[in-house]
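*Asks:* Below is the structure I would like to discuss, written out as structure tokens.
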Amino acid sequence: MRIILGITGGVAAYKSAELARLLANQGHRVRCILTEAGARFITPLTLTSLTGEPCYGANPDQGEWRANPSIEHIELARWAELVAVVPATANILGKAANGLANDLLSTVLLATRAPVLWAPAMNTGMWEHPAVQANLARLRSFGHAVVEPGEGVLACGEEGSGKLAEVASIAEAIQVHGTPKLRTLKDRLVLITSGPTREDLDPVRTFTNHSTGAMGIELARAFRDVGAKVQLVLGGDLPAPWGVETVRVRSAQQMLEACEAHWADSDGVVAAAAVADQRPETPSSEKVKKGDGAETMVLVRTPDILARLSAVRRADQWVVGFAAESERHLEHASAKLKQKKLDAVLVNDVQGGRAFGIQVNTLTPVTAQGPQPPIGPLPKDQLAHAVVQWWALRLEARESGQ
Ligand SMILES: Cc1cc2nc3c(=O)[nH]c(=O)nc-3n(C[C@H](O)[C@H](O)[C@H](O)COP(=O)(O)O)c2cc1C
Numbered sequence: 010m011r012i013i014l015g016i017t018g019g020v021a022a023y024k025s026a027e028l029a030r031l032l033a034n035q036g037h038r039v040r041c042i043l044t045e046a047g048a049r050f051i052t053p054l055t056l057t058s059l060t061g062e063p064c065y066g067a068n069p070d071q072g073e074w075r076a077n078p079s080i081e082h083i084e085l086a087r088w089a090e091l092v093a094v095v096p097a098t099a100n101i102l103g104k105a106a107n108g109l110a111n112d113l114l115s116t117v118l119l120a121t122r123a124p125v126l127w128a129p130a131m132n133t134g135m136w137e138h139p140a141v142q143a144n145l146a147r148l149r150s151f152g153h154a155v156v157e158p159g160e161g162v163l164a165c166g167e168e169g170s171g172k173l174a175e176v177a178s179i180a181e182a183i184q185v186h187g188t189p190k191l192r193t194l195k196d197r198l199v200l201i202t203s204g205p206t207r208e209d210l211d212p213v214r215t216f217t218n219h220s221t222g223a224m225g226i227e228l229a230r231a232f233r234d235v236g237a238k239v240q241l242v243l244g245g246d247l248p249a250p251w252g253v254e255t256v257r258v259r260s261a262q263q264m265l266e267a268c269e270a271h272w273a274d275s276d277g278v279v280a281a282a283a284v285a286d287q288r289p290e291t292p293s294s295e296k297v298k299k300g301d302g303a304e305t306m307v308l309v310r311t312p313d314i315l316a317r318l319s320a321v322r323r324a325d326q327w328v329v330g331f332a333a334e335s336e337r338h339l340e341h342a343s344a345k346l347k348q349k350k351l352d353a354v355l356v357n358d359v360q361g362g363r364a365f366g367i368q369v370n371t372l373t374p375v376t377a378q379g380p381q382p383p384i385g386p387l388p389k390d391q392l393a394h395a396v397v398q399w400w401a402l403r404l405e406a407r408e409s410g411q
């Protein structure tokens, strides 16, 4: 994405350098615009070095009104696919809410047709002032997004709200706000399961698998980015993604109960979790002592979550499963599709440890029409976006009766 990062005159301006670097590392092109006050807190040299792009605004070499055959504020306004102002002062919020444009950043904000996102930071008294809140309400009414500040000890020594949101959360909000929404998925509720389940043998030993949950988490982010409301049911230890309603579970039974609680309200499910198929028949409340010679553990089947959801699905709901197979994977996936009455199965080839834990992966969709062209190899975040695009196209065809 081509991002204009506006930086205004607050102490939190130093955090914009970290944000600029994070966004650039994620593959975005980032051009910074400093206000005159912003340039008192952070230098253009820092920002240019981190982004590899020019820095604009209050800077003696690249002044706002330098002689230039192009009209810079319009060129930048057109270049941007998203404009984010981080940190945003009370002053810039007031100017933008009222259509004032007396420097490069405020002029770009008025001229651009790109989505705009604000991450305000200021003293608690300023933040709570009705004038600031009214300005924010006005900006929201223009369709702008606001990443609310958090609470904490502020640079002025006061404790309260007004502290710039976490840089990682702002980067996620930029991703969400800058991604075009897909008609077939916007405001739809998508249930996603992800991660391993754990079946305890005793208080210290557990029965699990190599899944980390990374693929399902990236899918949750990708559905969120295109406008879906995501309900994630997550096993494992990875942190929950920002902006996604998440229920944490441990066992297959807990995952089933969480899914059943949300299924009736959902438009569809993507079951990416690697649910342990078996669990110890009688978990022990005390640590099981070792014995002499061979020992036996009796395993029983855990509930088949996908089959249970599919069995009670309505005609308007869709069901997408995952299959991790180490041999004859397309054949097994076709059987799973038919047996559980799924709309699609995304097949992971896990031979030689592929798929689990690695960052680059390929998924082969199998539908009633048979195996489809593979998606990937791609890093899991891009793979998730490609899967969502692929599925949205199929939903569109389904809705138009093709
Ligand atoms: C040390 C210092 C820290 C400041 N921190 C903030 C702040 O966190 N938030 C804010 O809204 N204004 C803050 N201000 C006030 C703004 O810098 C001032 O309103 C300025 O005119 C903003 O200009 P700009 O919006 O064009 O960057 C601070 C001022 C100083 C001197």
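Heads up: take any position in the sequence shown, counting from 1, add 9, and you land on our numbering. In this text, a Cβ means the ideal position worked out from N, Cα and C, and glycines have one as well. Source: prediction; values computed, not measured.
1. Do A237 and L200 have their CB atoms nearer than 8 Å?
2. If we call anything under 8 Å between Cβ atoms a contact, is L404 one with V375?
3. Quick one: measure Cβ to Cβ for W136 and V155, integer angstroms, because I've assumed they're closer than 8 Å.
4. To the nearest angstrom, how far is it from the Cα of S294 to the Cα of V307?
5. Where Q378 and S343 are concerned, what is the direct C-alpha to C-alpha distance, given to the nearest angstrom?
6. What is the C-beta distance between I42 and L114, in whole angstroms, given that I count them as a contact (C-beta under 8 Å)?
7. I need the DSSP call for D209, collapsed to helix, strand or coil.
8. Check whether the stretch 91 to 109 touches the stretch 129 to 147, taking contact to mean three or more Cβ pairs, one atom from each stretch, closer than 8 Å.
9. Out of A280, V20 and G410, point me to the one whose CA is closest to V356's CA.
10. Between the Cα of T215 and the Cα atoms of A182, E62, Q287 and S170, which residue gives the shortest distance?
11. Check this for me: beta carbons of V185 and G252, under 8 Å apart or not?
12. Reducing DSSP to helix, strand and coil, say where L397 ends up.
13. Would you call K416 buried or exposed, if buried means 16 or more other Cβ atoms sit within 10 Å of its Cβ?
14. Pick out whichever of L243, D276, G277 and P250 has its Cα sitting closest to the Cα of E266.
15. Shorter than 7 Å, the distance from the beta carbon of M306 to the closest heavy atom of ligand 1, or not?
16. Taking a cut-off of 7 Å, which residues have a beta-carbon closer than that to any heavy atom of ligand 1, in chain order?
17. What's the C-alpha gap between L210 and V278?
18. Do you know offhand how far Q398's Cα is from V235's?
19. Answer yes or no: do V20 and F50 have a C-beta to C-beta separation smaller than 8 Å?
20. Looking at the secondary structure, which residues open and close the alpha helix (DSSP H) in which K83 lies?
21. Measure from the C-beta of L243 to each C-beta in chain D and report whether the shortest distance is under 8 Å.
22. Please report the straight-line C-alpha distance between C268 and I314, rounded to a whole angstrom.
23. Hey, quick one: how far does the beta strand (DSSP E) through C268 stretch, first residue to last?
24. Which ranges does the alpha helix (DSSP H) cover as unbroken runs of at least 4 residues, wholly within the stretch 324 to 383, from first to last along the chain?
25. Using the Cα positions of H394 and I80, report the straight-line distance between them to the nearest angstrom.
26. Applying the criterion that 16 or more other CB atoms from any shown protein chain within 10 Å of the CB defines a buried residue, is P69 buried or exposed?
27. Taking the C-alpha atoms as reference points, what is the distance between E208 and R197?
*Replies:* Looking at the atomic coordinates:
1. Contact flag unset, no.
2. V375 sits away from L404, with the two beta carbons spaced by 8 Å or more.
3. Rounded, the Cβ-Cβ distance is 12 Å, inconsistent with contact.
4. Rounded to the nearest angstrom, the two C-alpha atoms are 16 Å apart.
5. Counting only the Cα atoms, S343 lies some 10 Å from Q378.
6. Indeed they touch by this definition, with Cβ atoms about 5 Å apart.
7. In this structure, DSSP gives D209 an extended state, which the three-state scheme calls strand.
8. Yes, since at least three Cβ pairs between the stretch 91 to 109 and the stretch 129 to 147 fall closer than 8 Å, the two stretches touch.
9. Ranking A280, V20 and G410 by Cα distance to V356 puts A280 first.
10. Shortest Cα-Cα distance from T215 to any of A182, E62, Q287 and S170 involves Q287.
11. Yes, the pair counts as a contact, with Cβ atoms nearer than the cut-off.
12. Contrary to the premise, residue 397 reads as Val rather than Leu in this sequence. It is helical.
13. Here the chain comprises residues numbered 10 to 411, so residue 416 is not present and cannot be evaluated.
14. When C-alpha distances from E266 are compared across L243, D276, G277 and P250, the shortest belongs to L243.
15. For M306, the distance from the CB to the nearest heavy atom of ligand 1 is not below 7 Å.
16. The set, ordered by position in the chain, is T17, G18, G19, V20, A21, T44, E45, A46, G47, P96, T98, A99, N100, I101, D112, A130, M131, N132, M135 and A164.
17. Those two C-alpha atoms are separated by around 30 Å.
18. Straight-line Cα distance between these residues: approximately 9 Å.
19. A contact, by the Cβ cut-off of 8 Å.
20. The sequence shown places Ile at residue 83, not Lys. Unbroken alpha helix (DSSP H) run through I83: E81 to W88.
21. No chain D appears in this structure, which consists of one protein chain only.
22. In a straight line, the C-alpha of C268 is about 8 Å away from that of I314.
23. Careful: C268 lies outside any beta strand (DSSP E), inside the alpha helix (DSSP H) at A261 to W272.
24. Every alpha helix (DSSP H) stretch that sits fully inside the stretch 324 to 383 and reaches 4 residues is listed by chain position as 338 to 348.
25. Each residue's alpha carbon lies about 36 Å from the other.
26. Low confidence applies to P69: its pLDDT is 47, below 50, so where it sits in the model is not reliable enough to give any reading.
27. Their backbone Cα atoms lie some 32 Å apart in a straight line.
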